[in-house]
Structures are given as structure tokens and as C-alpha cells.
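In what follows, a single structure is set out as C-alpha cells and then discussed.
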Amino acid sequence: MIVKQPTRLILVRHGQSMANAEQRVQGWADDPLSPLGMQQATHLAAWLRQHDAAIDQLVSSPLQRAHQTAIMLGDALGLAVERHSGLREFGLGLLEDQPEAVLQAALQAGDIVETHGAEAMPVFADRIVTALHDILDTHTGKTILVTAHLGVISTALAHWLDQDVDVAWSKYGRIPNTSMTELAIHTEFMLVQHGAIPHLPAHLIPEYVRRR
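Add 1014 to the 1-based position in the sequence shown for the numbering used here, that's all there is to it.
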């Protein structure tokens, strides 16, 4: 009997962006990495190379904070970066580029889809799951590293592991910048690690992450 090689999917959140550093809402807003974010990506690239991660394919969200992260990893690993438009972060409409406190107030006040033009959760979930399945179907049996976003990673986990995207933030929302979330995929999805940052020294982990 021939047993197919499981697919290994490593989901990496982008390095700290300028919006992260300034506590601004991102969504589709296209900020670059901050200086700290570039250091985080450099450390992840070195860690992957040192640990012989054997990545076969590198895929990125088109937003520059994720694409910059992927380029730095690709340079270290000798891999080209494929961009997939379906991996963009959750669209937050008029809330993008606003202080994070504005987003929190809007969420408490009601429906941000109607009032601020945000992307509807079912639309977002369908988009990112379709994109990830497209990537998995194209590279079955390989080790794939995808650089994306907090919303993308947490929602994919909630969909695959719980069949309930409403638990994405509460259950899977602790995903630091440049953290690795890994799944092994054969006949089902198995979570191997979630939000792991073995590559980051303490001075590259923001205080708000250390407090969690």
C-alpha cells in the first residue's frame, strides 16, 4: 500500500509593522515592517536555516508587511516567493489606519460591516480558506511556509480544527509577530505548534506579548 507523504504547513505571521508599532488598525492598509520587525524576520530566517527547515514552497500575502517578511526568509533559504491575493488580512474599511482604540470602540458599538464598511466574516473566512486550500492542493506532500496575518492564521485554525470561525480570536488569537504555527495534513488537520517564537530573543519580543 502506498501512503502519501503528509503535507506540512507552516503559517508565519509577518514581522512587526509600522502600524503594529504605532498601535494603528491595519486590515488592508499597507504598512511596511518596522525596524524591529525586520530584526524579527532576520532572526526567523537564521533559525530556519540553522534548523534545516527543508521548506519546499514559500507563499505570501500581497501586503508588504507579509511580503517583506517572506522575501527575507526566501533570501536566506534560497527560495522565490509566490504571492497569493487571497491571503490578505481581514478588511476593516474606514477603520483602517485609525488608532486601535477606535476599532475596539466600534466593535463594542455594533456591526462594523454596516457602519464602517468592514469585510463580513463569512466572506473573509471563505476567501482565506479557499486560498489556503488552493495552495495545499498545488503543493500536496510538500513543506509549505506561508507568511500572512493574525486574522488569516487564527481564522484558518478555527475553521479547520473547530469548524467554527467565531472562536478564532478567543482560542487562537495569541500569534506574535514572526511566530510559527504548524499543521500536519494527511487525512485531517493536526496542530503541531501554535504561535511559537523559539527564534526571538527577549529584546525582540514587545512588552504587550510578554505580558500575555
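Even for Gly, the Cβ is constructed at its ideal location relative to N, Cα and C.
None of the values given here were measured: they were computed from a predicted structure.
- In this structure, the beta-carbon distance from Trp1042 to Gly1100 does not fall below 7 angstroms.
- Rounded to the nearest angstrom, the Cβ distance from Ile1167 to Arg1079 is 14 angstroms, too far for a contact under 8 angstroms.
- The beta carbon of His1173 is closer than 7 angstroms to those of Ala1139, Val1143, Val1179 in its chain, skipping five residues each way along the sequence.
- In the structure shown, Ile1189 falls within a coil segment according to DSSP collapsed to helix, strand and coil.
- Buried is the label assigned to Pro1190, since at least 16 other Cβ atoms lie within 10 Å of its Cβ.
- Linking Ser1075 to Gln1053 through their CA atoms gives a straight-line distance of about 20 angstroms.
- If you compare the alpha carbons of Arg1063, Asp1066, Thr1083 with that of Pro1049, the shortest gap goes to Thr1083.
- The residues Tyr1186, in chain order, have a CB closer than 6 angstroms to that of Leu1171 in the same chain once the five nearest residues on each side in sequence are set aside.
- Note on geometry: alpha-carbon atoms of Glu1202 and Ala1182 lie some 19 angstroms from one another.
- In the three-state reduction of the DSSP assignment, His1147 falls in the helix class, which pools H, G and I.
- For Gly1124, the three-state secondary structure derived from DSSP is coil.
- Within the model, the alpha-carbon separation for Ile1158 versus Asp1070 is close to 6 angstroms.
- With fewer than 16 other beta carbons inside 10 angstroms of its own, His1200 counts as exposed.
- If you look at Ala1055, you'll find it isn't in any beta strand (DSSP E); it sits in the alpha helix (DSSP H) that goes 1049-1064.
- Bridge partners of Gln1071 according to DSSP: Ile1158.
- For His1153 and Glu1096, the gap between their C-alpha atoms comes out near 12 angstroms.
- In this structure, DSSP gives Val1206 an extended state, which the three-state scheme calls strand.
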